[in-house]
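Enquirer: Here you go, one structure.
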Amino acid sequence: MTTFWSWYITALTFGSLVALIWLIFATRKGEPKGTTEQTLGHSFDGIEEYDNPLPKWWFLLFIGTIIFGVAYLALYPGLGNWKGVLPGYQYLDGQEKTGFASEAHLPEEKRSGGWTQVKQWEFEMERARKEYDPIFAQYAKTDIATLAGDEQAMKVGARLFTNYCTVCHASSAKGAPGFPNLTDKHWRWGGEPEQIKTSILAGRTGVMPAWAAVIQEEGVKNVAAYVRGELAGLPLEGSTADVAAGKQIFASTCVACHGPDGKGVAMMGGPDLTKPAGWIYGVELTDLQQTIRYGRNGRMPAQEQYLGHDKVHLLAAYVYSLSHQAEETAQK
Numbered sequence: 001m002t003t004f005w006s007w008y009i010t011a012l013t014f015g016s017l018v019a020l021i022w023l024i025f026a027t028r029k030g031e032p033k034g035t036t037e038q039t040l041g042h043s044f045d046g047i048e049e050y051d052n053p054l055p056k057w058w059f060l061l062f063i064g065t066i067i068f069g070v071a072y073l074a075l076y077p078g079l080g081n082w083k084g085v086l087p088g089y090q091y092l093d094g095q096e097k098t099g100f101a102s103e104a105h106l107p108e109e110k111r112s113g114g115w116t117q118v119k120q121w122e123f124e125m126e127r128a129r130k131e132y133d134p135i136f137a138q139y140a141k142t143d144i145a146t147l148a149g150d151e152q153a154m155k156v157g158a159r160l161f162t163n164y165c166t167v168c169h170a171s172s173a174k175g176a177p178g179f180p181n182l183t184d185k186h187w188r189w190g191g192e193p194e195q196i197k198t199s200i201l202a203g204r205t206g207v208m209p210a211w212a213a214v215i216q217e218e219g220v221k222n223v224a225a226y227v228r229g230e231l232a233g234l235p236l237e238g239s240t241a242d243v244a245a246g247k248q249i250f251a252s253t254c255v256a257c258h259g260p261d262g263k264g265v266a267m268m269g270g271p272d273l274t275k276p277a278g279w280i281y282g283v284e285l286t287d288l289q290q291t292i293r294y295g296r297n298g299r300m301p302a303q304e305q306y307l308g309h310d311k312v313h314l315l316a317a318y319v320y321s322l323s324h325q326a327e328e329t330a331q332k
């Protein structure tokens, strides 16, 4: 934080405290010392307000909160660049961690004095890493396909999935509009173990360009009809679009990502258009037209910096197991 903003925040904070103190005493000045029958002169539905002072305990409570606020600001960071008087509560990086992070490897009794929430959190995180990192490291030594059959490992993987993946893919892993179903065999970027792991580690960006300006509205409807009617084999529900014309446009503009047969190109992240169960933006004719007309921009965020390689390895095994469980169930 720059010196200017540090002083600005400090002055604003202290100015607010001084103004609050003045307001409390200014409004108390001249009040009757005891109770009175005199009213303030206004009436609402026959209800009048007596001109009596606040109870003393109420007034003292106001003063107490101000004293507490001043003490807190002295002990902890809260006034610009002020670091507080508690030992060790020093910021190394205001965006990431405090000085206690450099003491995380020390026993608690040897750290800088003064308990704080940050210090306690860092201590707990370090203790958790020491306890669980060796477990994840051991799992990472096993290949993903084999690990997917380890029941105990999959319980841990399920908890990781619940914590980090359900917001987009749902607790059932069956996805939501715009987010793929992980329990089937429809993979945009490939469903092999290492491909799944790469998707989680590095993330994916799936971009479908908007084609309305290129092929015009008639072309949008024709291509949508071709994809739904001929490639996916779904009814066109009375559409008057020219499927043959749509096929020609598809052959000249869509094959780079979806392939000449419409089955998708994993390297490009193009979905298989012959299997509507894998379409994440809807299967209706209007959904297809919307996608072709305006395009789509899907993003799977990279998780390596948050989870690390070992946890991602276990998570990839869990995701891999989901589609294979569904396949085994279908075979039964």
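If you read the sequence shown in UniProt numbering, its first letter stands for residue 1, the second for the next number, and so on. Here a beta-carbon is modelled for each residue, glycine too, at the ideal position from N, C-alpha and C.
1) Taking one C-beta from the stretch 253 to 272 and one from the stretch 159 to 168 each time, how about it: are there three or more such pairs within less than 8 Å?
2) How big is the Cα-Cα spacing for residue 220 and residue 304?
3) State yes or no: is the C-beta of residue 200 within less than 9 Å of the C-beta of residue 283?
4) Taking C-beta to C-beta, are residue 154 and residue 316 nearer than 9 Å?
5) Buried or exposed, going by whether 16 or more other CB atoms sit within 10 Å of the CB of residue 261?
6) Among the residues of its own chain, which have a CB less than 6 Å from the CB of residue 145, if the five just before and after it don't count?
7) Per DSSP, what kind of secondary structure is residue 5 in: helix, strand or coil?
8) Under a Cβ-count criterion, where at least 16 other Cβ atoms within 10 Å of its own Cβ denotes burial, should residue 139 be classed as buried or exposed?
9) How would you label residue 270, buried or exposed, when you count the other beta carbons within 10 angstroms and need 16 or more for buried?
10) If I follow the unbroken beta strand (DSSP E) through residue 47, where does it start and stop?
11) Is the stretch 117 to 127 close to the stretch 48 to 61, with three or more CB pairs under 8 Å?
12) Decide if residue 134 is buried, meaning its Cβ has at least 16 other Cβ atoms within 10 Å, or exposed.
13) Strictly by DSSP, which residues pair up with residue 44?
14) How would you call residue 319, buried or exposed, if buried means at least 16 neighbouring beta carbons within 10 angstroms?
15) Who pairs with residue 123 in a beta bridge, going by DSSP?
16) Just curious, the beta strand (DSSP E) that residue 207 is in, first and last residue?
17) Which of the three DSSP states, helix, strand or coil, is assigned to residue 341?
18) If residue 250 sits next to residue 207, beta carbons under 8 Å apart, how far is it from one beta carbon to the other, in whole angstroms?
19) Hey, would you say residue 214 sits closer than 9 Å to residue 273, going by beta carbons?
20) Considering residue 295, what are the terminal residues of the beta strand (DSSP E) in which it resides?
21) Report all residues from its chain with a CB closer than 8 Å to the CB of residue 4; omit the five preceding and five following residues, and keep chain order.
22) Quick one: what's residue 39 bridged to in DSSP?
23) At what residue ranges does the stretch 114 to 188 contain a whole run of the beta strand (DSSP E), taking only runs of 3 or more?
24) Based on Cα-Cα distance, which residue from 150, 198, 136 and 22 lies nearest to residue 302?
25) Among residues of its own chain, excluding the 5 on either side of residue 314, which ones have a beta-carbon nearer than 8 Å to its beta-carbon?
26) I think residue 182 touches residue 322, with their Cβ atoms under 8 Å apart; what is that distance to the nearest whole Å?
27) Report the three-state DSSP secondary structure of residue 232 (helix, strand or coil).
28) Is residue 291 buried or exposed, if buried means 16 or more other CB atoms sit within 10 Å of its CB?
29) Helix or strand or just coil, what does DSSP make of residue 10?
30) Please report the distance separating the alpha-carbon of residue 185 from that of residue 266.
31) Quick one: grab the DSSP three-state call for residue 193.
32) Just checking my contact of residue 180 with residue 280 at CB under 8 Å: how many whole Å lie between their CB atoms?
33) So the alpha helix (DSSP H) residue 81 belongs to, where does it begin and stop?
34) Relative to the C-alpha of residue 189, which residue among 174, 178, 205 and 175 is closest?
Expert: For this structure:
1) Taking 8 Å as the limit for Cβ pairs, the verdict is that the stretch 159 to 168 does not touch the stretch 253 to 272.
2) Their backbone Cα atoms lie some 39 Å apart in a straight line.
3) Cβ atoms of residue 200 and residue 283: not closer than 9 Å.
4) Not in contact: residue 154 and residue 316 (Cβ atoms no closer than 9 Å).
5) Of the other Cβ atoms in all chains shown, fewer than 16 fall within 10 Å of the Cβ of residue 261; this residue is therefore exposed.
6) Contacts found: 193.
7) In this structure, DSSP gives residue 5 a helical state, which the three-state scheme calls helix.
8) With 16 or more neighbouring CB atoms inside 10 Å of its own CB, residue 139 falls in the buried class.
9) Looking at its Cβ environment, which holds 16 or more other Cβ atoms inside 10 Å, residue 270 is buried.
10) Per DSSP, residue 47 is one residue of the beta strand (DSSP E) stretching across 47 to 50.
11) In short, these stretches do not touch, since the Cβ pair count stays below three.
12) By the C-beta density criterion, residue 134 is exposed, having fewer than 16 other C-beta atoms within 10 angstroms.
13) Per DSSP, 47.
14) With 16 or more Cβ atoms within 10 Å of its Cβ, residue 319 is classed as buried.
15) Bridge partners of residue 123: none, in fact.
16) From DSSP, the beta strand (DSSP E) with residue 207 extends over 204 to 208.
17) The structure shown does not extend to residue 341, since the chain spans only 1 to 332, so no value can be given for it.
18) Taking 8 Å as the upper bound for CB-CB distance, residue 250 and residue 207 are not in contact here, some 18 Å apart.
19) It is not a contact, given that the beta carbons lie outside the stated cut-off.
20) Residue 295: not part of any beta strand (DSSP E); DSSP gives it neither H nor E.
21) Closer than 8 Å at Cβ, skipping near neighbours: no residue.
22) Beta-bridge pairing links residue 39 to 50.
23) You should have found no qualifying run.
24) Comparing Cα positions, the closest option is 198.
25) Within its own chain, the residues whose Cβ lies closer than 8 Å to the Cβ of residue 314, once the five positions on either side in sequence are excluded, are 136, 139, 140, 147, 153, 156, 157 and 160, listed in chain order.
26) That pair is a contact at about 5 Å.
27) It is coil, neither helix nor strand.
28) The residue is buried, with at least 16 neighbouring Cβ atoms inside 10 Å.
29) Helix.
30) Straight across, the Cα-Cα distance linking residue 185 with residue 266 is about 13 Å.
31) Taken through DSSP and simplified to helix, strand or coil, residue 193 comes out as helix.
32) About 5 Å separates the two Cβ atoms, so the contact holds.
33) Per DSSP, residue 81 lies in no alpha helix (DSSP H) segment and is marked neither H nor E.
34) Of the listed residues, the one whose Cα sits closest to residue 189 is 205.
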